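Going by numbering that gives the first Met the number 0, the letters in the sequence shown line up with residues 0 to 743, in that order.
For each residue, glycine too, the CB sits at the ideal point set by N, CA and C.
As the structure is a prediction and not an experimental result, all values here were calculated from the model.
First up is the structure itself, then whatever we jot down about it.
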Amino acid sequence: MKIYNYLFAAAFAYLPSANDALAQLNTHTKEINTAFTKLNIVKSPHNTIPENSSPDLEIIRKRIINDLLEPPVNSEDIKKLMQSIQPDGSWPNINYVDTSRTGFQHSQHLQNMLALSRAYKKPGTEFYQNPAAKKTVSSALDFWIAHDFICQNWWWNEMGTPNWMINTMLVLDEDLTEKQRTEGARIANRANLEGFGARPGGDLIQIAGMLGKQALFKRDETILERVIKTMASEIKTSTGRGLQPDMSFHHRTDNVISTLTYGTGYASSFAYWAVKIAGTKFKFPEEAIRLLIDYYIDGISKSMAFSKYPDIGAKNRDLSRKGTLEAASPELAENLLIASNYRKTELEEIVKIRKGEKKANLSWNRFFWHSEYFTHQRPNWFSSVRMHSNRQNNMEEPHNEEGLKNHHFADGSNFISLSGKEYLDIFPVWDWQKIPGATIVQKPELPHWKQLVKKGLSDFVGGVTDGMYGAAAFDFNSPHDPLKARKAWFFFDREYVCLGTGISSDEAQPVFTTLNQCQLNKDVVIMTENKKTVLGKGKHSLNNVSWILHAGVAYFFPTASSIQLSTETASGNWRQINHQASASEELVQKDVFGLWLDHGPRPRNAKYEYIVVPAIEASAMEKYNNQIIILSNTFEIQAVHHKELNRSEIVFYKEGSVKISADLIVTAVSSCMVMIKANGKRIEKITVSDPTRKLKSLQLMVSAKIESSGDHWRSKWSKEKKASVIEIDLPADGFAGQSVVLEL
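Here you go:
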């Protein structure tokens, strides 16, 4: 986004000294007048400024108009619009009758209006001040005003239509007739702070932004001040709607993650306005901008592979929209850099990554305890886990008949990415009962989409993390089928471990655990009984498999296993998963790699164990030196130890003990998750969490001697138990479920 330097010369920093106030005001006024001159506001016959208008308001107004004029004008498209418009101001290719939630092609009419307005008002285009262009857009605007189309989806009435309308009005400005100004403002004002959609933590910031543009159009400083205060007050954490204490985002009270959808719109709107009002008396408080930057870096960007590609695991019904996993633009980060110097280096790195100027070299591990969502990043790969608990719904409602097959999407899904493009637009051909990572009963067909959303059933769902390493655990009780399982994932530098146990179902249909289902783009290599084979396309049922390699990702089985594998062309269409009018019935075909384990019908306490090794070639896989010891994969405890890193990650579903080595035993007196980092016999770090969110404190016993304490923990050696007894205070309220790190 281009922000002219001379605009910032008008910045007015109010000083605490009363003696300096008058001098400061005089200087500020001169700078504002200079800025007006450079912007050609004063001299332009199309931008007559009332004498009593606020100088700061005029600067913001011009910035936004410049922003609306910035996109390029496609001359051929404009000519077609001018040639095809009907005498009544409509276009023949738009269905103006269907105002349903799945229809409303009227939005194309609104887009046409803004495109024509831009062509007419943007200097340098062949349509600049062109009478025919003005007549076309004026006719289109009159047609809309005459019919005042109302959609059955409130969003269009209170957000979509008002936004397009006020943008068009700001661009046309004094080229509008009096009726167009009055009626257009009436339609635009359906975006207001008293409307149904203006819910805190939801669409309120975006609606406030639309009202702010109305205030700028009318040059109403009082409304603009109210809008800015409302927006600033929304940048806060909450355990209801909005920004959560863990830096994830909930649009509704169902507690389903919406960080990359509504949560990004929330951040984008605030950042957009932060830039537009910078250097004026309306500017946002620094603390609000800083919290928004924290959310962007620690929430939004850490829900994306390489901080660039939206993670499929954080998506909902928008999976059924084409292009939903395309790389994110740098605009939001660029706006935040303009608004503040806070965490500047990190924002600059994200901008360079998204522009392709720098290869991502990122590492983190993060669990969003309010959303049951877990991400793990290493320089060459990214992975995530999505779960649900009795603290939330299993999935977003299929609003407006989108995302019609998302029934099992959060049932312990686990995605792996090396390029960020593995799942791009695969969804029309996906088998929605083979969600990567999930264990699912293979029904003849999914229930109706109206039966998609269910309340989660388990309280033991969570993660443990020290910021770089971590584990996720899911006491899975399917809300759709009579199926239970205990599933856990343990993340390290070069691999992660997937364990499942207690897989039981009463259904006659088989139960599958899918390792992956992604686009097929390279050969599939398998190792069976020390023999390496390249598989051709088709379906394969294989026994005694040691490992499988596809597209740089290996799936290693500590014990040779039987697997099912498909490398076939799959077919489908977008309309099968999305009933919006824009969803095409055109045939989509893609080559798909599918890998799964068949637990059979009515399994009883079935289990699985496999290790995912990303960013590796077949030659290296042949020499793979497995550093993982699976300490336990039982109904009570799932635990692994990484020999090279000397790290252990443990899930205690109930009280119990784990022997990590001859010298180290860890005992938990209640259910919890634990990580141990040791150096020989000495424990260096312990990290714990409570997936149930019910405990106020936690007691551990370790056979190593620890006699020290920290802010939230105490340890004493017990001669009787021959162990150190560690008492740990756990986070409460909005931080219940967060990990506690003990540096020893």
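Query	Result
Burial state of Asn166 (16 or more Cβ within 10 Å)	buried
CB of Ile675 within 7 Å of CB of Ile685, strictly	yes
Proximity to Lys357 [Cα-Cα], best of Leu336, Ala661, Pro329	Pro329
Whether Ser383 touches Asp310 by CB criterion (7 Å)	yes
Coarse secondary structure for Trp363, derived from DSSP in three states	strand
contact_flag[the segment 421-433, the segment 487-494] where n(CB pairs < 8 Å) is 3 or more	no
Proximity winner among Arg681, Asp662, Arg377, Ser656, relative to Val673 (alpha-carbon distances)	Ser656
Cβ-based burial, Leu192 [other Cβ within 10 Å; buried from 16]	exposed
Rounded C-alpha distance that separates Thr527 from Val533	11 Å
C-beta atoms of Leu335 and Ile292 nearer than 7 Å	yes
For Ile58, the first and last residue of its enclosing beta strand (DSSP E)	No beta strand (DSSP E) contains Ile58, which is instead part of the alpha helix (DSSP H) from 54-68.
Beta-bridge partners of Val552, as assigned by DSSP	His549, Pro613
Span of the beta strand (DSSP E) around Trp712	712-717
Asn254 vs Gln82 beta-carbon contact at 7 Å	no
Which residues DSSP lists as bridging Cys517, in chain order	Phe592
Thr279 burial status per 10 Å Cβ neighbour count (16 or more: buried)	buried
Proximity of Asp141 and Gly88 at Cβ, strictly below 7 Å	yes
Neighbour flag for Gln107 against chain B, beta carbons, 7 Å	Absent here is chain B; the protein component of the structure consists of one chain.
Outcome for Ala735 when other beta-carbon atoms lying within 10 angstroms are tallied against a minimum of 16	buried
Rounded C-alpha distance that separates Asp174 from Trp155	26 Å
Nearest residue (CA-CA) to Trp802, options Ala470, Lys718, Leu699, Lys704	No answer is possible for residue 802: the residues shown for the chain start at 0 and end at 743.
Candidates Met168, Ser618, Pro443, of which the one nearest Lys217 by Cα	Met168
Gly419 beta carbon less than 7 Å from that of Ala550	no
Three-state secondary structure assigned by DSSP to Thr26	Here Thr26 scores only 39 on pLDDT, less than 50, and its place in the model is too uncertain to base an answer on.
Touch test, the segment 316-326 against the segment 261-278, Cβ-Cβ under 8 Å, three pairs minimum	no
Stretch-stretch touch, CB-based, cutoff 8 Å, three pairs: the segment 536-554 with the segment 563-572	yes
Within 7 Å, strictly: CB atoms of Ser247 and Thr263	no
For Ala270 and Pro478, the rounded distance between their alpha carbons	39 Å
Boundaries of the beta strand (DSSP E) in which Trp573 is found, first to last residue	Here Trp573 belongs to no beta strand (DSSP E), and DSSP marks it neither H nor E.
Nearest neighbour of Lys720, chosen from Arg377, Thr666, Arg681, Pro122 [CA to CA]	Thr666
Backbone secondary structure at Ser43 - three-state DSSP	Here Ser43 scores only 38 on pLDDT, less than 50, and its place in the model should not be relied on; the value that follows carries that caveat. Reduced to three states, the DSSP call for Ser43 is coil.
Alpha-carbon spacing of Ser723 relative to Ser708, whole angstroms	12 Å
C-alpha gap between Leu113 and Pro161, whole angstroms	12 Å
Leu324 - DSSP class collapsed to helix/strand/coil	coil
Nearest-angstrom beta carbon gap, Ser302 and Ala287 [assumed within contact, 8 Å]	Contact doesn't hold; Cβ gap of about 21 Å is too wide.
Inter-residue spacing [alpha-carbon to alpha-carbon] between Thr691 and Val668	14 Å
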